[in-house]
Structure formats: structure tokens, C-alpha cells
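Undergrad: Just dropping this structure here.
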Amino acid sequence: MTLQSPAPSPAGPREWASLGVLTLAVMLLAVDGTVLALAVPSLSASLEPTSTQLLWIGDIYSFALAGLLVTMGNVADRIGRKKLLLIGSAGFGIASAIAAFAPSPEVLIAARALLGVSGATIMPSTLSIIRHVFTIPAQRTRAIAVWSVGAGGGAALGPLVGGILLENFWWGSVFLINIPVMLLLLISGAVLLPESRNPRPGKLDLLSALLSIASIVAVVYAVKHTFSSGVDAIGFAALVLGLLTGWVFIRRQRLSSNPMLDIELFRLPAFRGAVVANGLSIFALSGLLFFFSQYLQLVRGYGPLKAGLAELPVTIAMMAVVFVIGFAVARFGVGRSVGGGLLLGAAGLVLLAGAEELGGYLGIAVALVVTGLGIGLAMTLSTDAVVASAPRERAGAASSISETAYELGVALGIAVLGSALSALYRTNLPAMSELDAGTRAAVTDSLASGLQVLDDGATQLIADAQNAFTDAMQVTSLIAALILAVAGIIAWRVIPVRLETNDGSHSGGAGVNDGGGAGVNDGGSDGGGAGGSDGGGNGGGNGGGNGGSAGVNDGGSDGGGNGGSDGGGAGGNADREGPGRELSGSEASTSGASARKSLVSEAPASDVPASEASTEEK
């Protein structure tokens, strides 16, 4: 019996328009994760939350998101990714209205939790649909690069959006802005997005769902509690509960014939290294934005809008990554590019820790640019590595792992770095014995509450509190830098230069992917073209399979054209279709796809990967 695998079809205008809808969704979720950073002073004045409540307001959103992503990824595979995305969008709009008019900290915390639950139904669908729509590796990588810019750039844009709104409206406006965007998403998503699901999803494992939620929530709570209250029985019990339920969850997945979380994916070095890199990238970014926005307003005296503009360099740098990522992968490979990005981000945080000593803004801007470039590079490539490693029919579950790492990074970034900042701030404060108990408690609780109770005449006390906060911010930046540096070294060693994907294609350094750098940037540079020619040659020599992949380059520049022609030509030689000739980008795409299809049809059934033989219901 002959098995046929249809040749991947290039994405057209409708597919790229659907990418715009998906990027809008993930950008809004990312903005909502950080938009409150600038609203802390005005929110504190209005609702008067304690420092603990303030941390819950900040990270309960990511808390709920992270706890439910694995479950919702499997639900998306069952009922349809488009359907779940639209349901979540409607819920997100309703929760935003509740949060905007919350009369107390408790109501706001509950509304933020509901936002997280709704967001958990949206996030798994975005990457899954991208994996389903963009079947050509080069186009998929470009699409994921755009998605990553939306996720990381949205997180970085949150403070700017918040600054513009808070300059003109009350703090609740940062939530109301979600409603018109979600209405647009509902309308455009219903028209443009394709429906897809796993044709063999199996039963939804409710016990596994509860175990995953309990494990994630308990571990994150233990971290928060330990930093805020020190090591005690409550924090230790929460940690033990989280680890125990996590162990039971993993055991259950290993024994299940249809697991909720594909534990076997973690056997792949590229997959597990990419998940760690992805989570720690956003860990550093979210923690940075949470405390740095407060520093700009409470210490430097910036208004909300000025503070948001001051953080803009990190956003611009993350967006600029899409233009250099092709060169980076072609020159250094995937693993070294991810590791190098994390190390570059660590260097930026070290620069940020010393920027206060320079006094002006230039040092801050340089530090933010370096940090944004490094984190943006690591996030984009690690996200692509996670998605590319999974079969198409398991796209929802695999995407949920990536997004769980992302949201855990956000939650832990705020919880760990925010709690560390608070603890260091309290340690750095002088005794302030001249203050009454109530005022001293407010100053000790947080700088924001302290500035509200100290009158303008207490200049020395205000300066002491601001200096304590600045010192705490510098040390916290160094802690984040150390974590990123360790992650960078791990990624450099664990993620291979050449990335083998489950759809039979390759991505990586020069001569080993779908056109080297072209695999990431569709031949956007001459370096990508060189990689493309080598990749095509190797593909032809190995039977034309990779040559076919290498031929699927858009040929948008010299690099892409060379990658496409050499890949297609080599594939043709391997299949005895005659001597290789120089082809145009479109011809190479067709030739390469045909060569690969021919090889699949001639291969024994046992040699055809499951992801090649499977089809998805649309």
C-alpha cells in the first residue's frame, strides 16, 4: 500500500490575515499581564490594598492562566481551537468590565482571576492554529516570529498603554480598553480563522486537570509566601503539596494511553531546553516591568505616560529581533542563538542595575535595548522550537506547554522578583523610630503606600525610602540577570544547533535547515542564502527529503533564491529527475515539495512518521 502525504501549500492572504487576528489576541493578553504596573500608585490610592493584596492583583491573572493552560489546550484539541478562542474572548470582555469597576481589592483580585481563566481558553488556540495553518517550515517560523513579537512586545507595551490611559482617565480604564478589542477579535476571528481539532482526542481526564492546577497553584503560592513571610510551615506545606501533586500528575501521564501532557516530548533536548528558555525569558521581562515602572514613578518622579515612554526601548528592541533573527540562526544555529539571547538579556539587566549611578536616562535606554534584543531573540526561537517539535495533531497540547511556561514565567517573575524587591526594600529601610506605628507600617509595607502617608515636609524620610527602593531594585536586577545567565548557558549546551522537527524538516545553522537563515526569515539575508544552498545540497545527498524542504523558500532576496534553487535542484537529482538546474523561488518550492512527496510515496509504511501520515479535521 502506498502512503501519500500532500505537499504543504504556501500561506495566502487569508492565512496571513488570520495571523493578524491571532497576534492581536496574544498581544492583548500580554498587555493585560503588565498594564497594571503603571496603575499601582493610583490603584493603591483608590482601593488601599495591602502589599500582599497588591501582589495578588498583579499576578493572580497569570496564576490562573498558567494553572489552566494545559487543560484548556486539551479542550481546544477536542471541541475546536477556533470555538474555544471565541468563547474565551467573550468571557475576557465580561471580566474586563467587572475589573474596571471593582469597588474593593478583593473584587479586583477575583476579576483578574476570571480574566486569567478566560485567557487560558484563548492562549492554547493561537499557537495551535498557527501550527495548523502554516505548514511550510519557513513560513511557520516567520509566523511564530510575528506571534512572539506580539507576546513579548505586548508585555512591553503594557506600561505605555497604561500610561496613556492613566494620564487621561482613572485606573479602571486599563481594563475597559479590552472590550472594544475583544469585540473586534470576535468578529474578525469568526470570519477569518479556520476551525481545527484533534481527530482522535480521547477522553478529557478531569483528574489530571485538577492535579495540574493544584500543582502549579501550590508551587507558585509557596514561592510567593516564602518571599513575603519567610520560611514557615505554611509555605513548606504548599511546596510539598505542589511537588506531590505534580509527581502524581506526571506518573498519570506516563501511564495513560492518551495523556493530557505529552511527557515524552521532554525527552527531546531541544524541546525541554526551549521550554525552559521561553519561561525564563518572560520571567525576567515581567519582573523587570513590574518593579521598574514603580521605580520610574515613585523614585524618578515620572508621570504614567512619561514612564511608559521611558520603557519603550525594550519594546522597539524586541520588535527589531524579527529583522536579525535570520542572520543569527544562519550564523550561529538555534541553540547558540537562544543561549546568546539569554546571555545578552542578562548583560542588559546588569547594565540596568548600574544605570541609576549614571543619573540620566541614556544609561537606562541602552540597558533596555540590550535586554529587549536578548529576550526577544530567545523568546522567538524557543517558541518556534517547542511548536516545531510536536506533531500537528498534538499542536494544542504542545502549544499549551509553551504557553504554560510563558504564563508561569510571568507569574513567577512578578511573584519572585516582586517579593524579593519588597523584602530587600524592608531590609534597607532605616529604623524610622520617630514615626507612629501606623505611618511606619505603611512605609514598611511598600514605597507606594509610604509616599501616601508621608507629608511633603518629611524630605529625609522620603529620600531614605526611595534610596531603599532603588538599592532593592538594583539587587533584584542582578538576581534576574544571574537567572538569565544560567538559563543561557543551559540553552547553549542543551538545544542543538540543528533542530530536527517532527514534520521531517530541519531548522538550524548554516547548511542544516530549510535554507539556513532563510528558514527563519525566508531568505531575508545573504547569510540565509548560503545556509539554503548548503541545506539543499545536504538534502539532495540524503535522498532529497531535506532538499525538498530547502526548496520551500520564498526567494524574497538573494539568500532565499539561492536556498530555494539549490534545495530544489538537489532534491531533483536525488529522485533521478535529471540534473539540478537553477530555479526561481516558486519553482524550487514546487520541485522540492514534489521530490519530498515522491520519497514519501516510495517509503515503507513503517518509515513514515506519524505526523506525516496523519490528517486533521478542518
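Per my numbering, the sequence shown starts with residue 1, numbered consecutively.
Quick reminder that beta carbons are idealized off the backbone N, C-alpha and C, glycines included.
1. Would you call the CB atoms of THR71 and ALA209 closer than 8 Å?
2. Please state whether the Cβ-Cβ distance between LEU429 and THR444 is less than 8 Å.
3. Just how far apart, CA to CA, sit GLY529 and PHE327?
4. In whole angstroms, what is the alpha-carbon distance linking MET473 and SER9?
5. Thinking ALA17 and LEU183 are a contact (beta carbons under 8 Å), I'd like their distance in whole angstroms, please.
6. Does MET318 have its Cβ less than 8 Å from a Cβ in chain D?
7. Assuming GLY413 and ILE282 make a contact with CB atoms under 8 Å, what is their CB distance in whole Å?
8. Out of LEU344, LEU296, SER382 and ALA485, which has the shortest C-alpha to C-alpha gap to PHE469?
9. Evaluate PRO105 with the Cβ neighbour count: other Cβ atoms within 10 Å of its Cβ, from every protein chain shown; 16 or more gives buried, anything less gives exposed.
10. Taking the continuous alpha helix (DSSP H) assigned at GLU106, which residues delimit it?
11. Does the pairing of the region 434-450 with the region 48-59 give three or more beta-carbon distances under 8 Å?
12. Classify ARG197 as helix, strand or coil using the three-state DSSP reduction.
13. Please report how far the alpha carbon of GLY541 lies from the alpha carbon of SER337, in whole angstroms.
14. Tell me the residue span of the alpha helix (DSSP H) that contains THR476.
15. Helix, strand or coil for ASP384 per DSSP?
16. What is the DSSP secondary structure of GLY335, reduced to helix, strand or coil?
17. Which residues mark the beginning and the end of the alpha helix (DSSP H) in which GLY273 is found?
18. Should LEU352 and THR371 be called a contact, given that it needs their Cβ atoms to be closer than 8 Å?
19. Excluding the five sequence neighbours on either side, which residues of its own chain have a C-beta within less than 6 Å of the C-beta of LEU265, listed in chain order?
20. Quick one: grab the DSSP three-state call for GLU403.
21. Going along the chain, which residues of its own chain have a beta-carbon closer than 7 Å to the beta-carbon of ALA222, five neighbours each way excluded?
22. Using a 10 Å radius around the Cβ and a threshold of 16 neighbouring Cβ atoms, would you call SER196 buried or exposed?
23. Helix, strand or coil for TRP171? Go by DSSP, reduced to three states.
24. So what's ASN258 in DSSP terms, helix, strand or just coil?
25. Which residues in the same chain as GLU587 place their Cβ atom closer than 6 Å to its Cβ, once the five residues preceding and following it in sequence are excluded?
26. Would you check if there are 3 or more beta carbon pairs closer than 8 Å linking the region 134-153 to the region 288-305?
27. In the structure shown, what three-state DSSP assignment does MET318 receive?
28. Could you check if ASP32 is buried or exposed, using at least 16 other CB atoms within 10 Å of its CB as the buried criterion?
29. Anyone know if the C-beta pair for GLY172 and PHE101 falls short of 8 Å?
30. Can you tell me whether DSSP reads LYS203 as helix, strand or coil?
31. Report the three-state DSSP secondary structure of PHE236 (helix, strand or coil).
32. Contact check, VAL26 vs GLY150 under 8 Å by CB: the rounded distance?
33. Rounded to the nearest angstrom, what separates TRP247 and ARG254 at their Cα positions?
34. In terms of alpha-carbon separation, which member of LEU22, SER46 and THR121 lies closest to ARG131?
35. What would DSSP say about LEU435, mapped onto helix, strand or coil?
TA: Working from what's here:
1. yes
2. yes
3. Because the pLDDT at GLY529 is just 37, under 50, the model does not fix this residue reliably, and the value given afterwards should be weighed accordingly. One C-alpha to the other measures close to 10 Å.
4. 50 Å
5. At roughly 18 Å, the Cβ-Cβ gap does not stay under 8 Å, so ALA17 and LEU183 are not in contact.
6. The question asks about chain D, but that chain is absent: this structure has only one protein chain.
7. 7 Å
8. LEU296
9. buried
10. 105-133
11. yes
12. strand
13. Below a pLDDT of 50, predicted positions are generally treated as unreliable, and GLY541, at 35, falls in that range; the measurement from the model is reported next regardless. Approximately 27 Å, taken between the alpha carbons.
14. 459-494
15. helix
16. helix
17. 269-298
18. yes
19. PHE271
20. helix
21. GLY235, ALA238, LEU239 and GLY242
22. buried
23. coil
24. coil
25. Low local confidence applies: a pLDDT of 37 at GLU587 is under 50, so the model's placement there is unreliable, with the coordinate-based value given in what follows. The answer is none, since no qualifying residue turns up.
26. no
27. helix
28. buried
29. yes
30. coil
31. helix
32. 5 Å
33. 11 Å
34. LEU22
35. coil
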